[in-house]
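For reference, each letter of the sequence shown is one residue, going 517 to 612 in my numbering.
For each residue, glycine too, the CB sits at the ideal point set by N, CA and C.
Model, not experiment: these values are computed from the prediction.
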Amino acid sequence: MPAKKLSEAEINALLPKVIGWSVVNGKLHREFACKDFVTAFGNMTRVALVAEKMDHHPEWFNVWNKVVIDLTTHSVKSISDYDFKLAEKINEIFGE
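1) In three-state DSSP terms, what is residue 585?
2) Would you list the one or two residues that DSSP bridges to residue 575?
3) For residue 520, which option in 612, 605, 607 and 595 has the closest C-alpha, if you only look at C-alpha atoms?
4) Using the Cβ count rule (16 or more neighbours within 10 Å means buried), how would you classify residue 580?
5) Using the Cα positions of residue 538 and residue 608, report the straight-line distance between them to the nearest angstrom.
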């Protein structure tokens with residue numbers, strides 16, 4: 517099923533369901549602080565496996581225990597339903 521581009525109203529309605537996420541520069545954005553590098557990298561590896569199954573990949577950055585994630589859907593050039601689905605899974609992986 518193709519990604520569905522979301523309107524601003526739809527995005528605002530879904531944001532409360534993905535705790536800790538916000539919209540920054542037209543992307544879903546979240547920063548995580550883990551207890552150490554191994555935990556951060558382990559969580560990133562788990563996210564990578566889920567993202568690969570979804571065929572929907574995050575933009576991210578990691579330094580030691582910090583993981584910064586941005587989600588957007590290139591095919592619709594905006595935030596889509598896929599981004600919210602992946603954000604939910606990421607929160608589960610990071611224990612949020």
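This is what the structure gives:
1) Your numbering for residue 585 matches position 69 in the sequence shown. Strand.
2) Counting from 1 along the sequence shown, the entry for residue 575 is found at position 59. Its beta-bridge partners are 586.
3) As a first step, residue 520 must be located in the sequence shown, where it is residue number 4. Among 612, 605, 607 and 595, the Cα nearest to that of residue 520 is on 595.
4) Position 64 of the sequence shown, counted from the first residue, corresponds to residue 580. Exposed, by the Cβ-count rule.
5) Counting from 1 along the sequence shown, the entry for residue 538 is found at position 22. Counting from 1 along the sequence shown, the entry for residue 608 is found at position 92. Roughly 17 Å between the two C-alpha positions.
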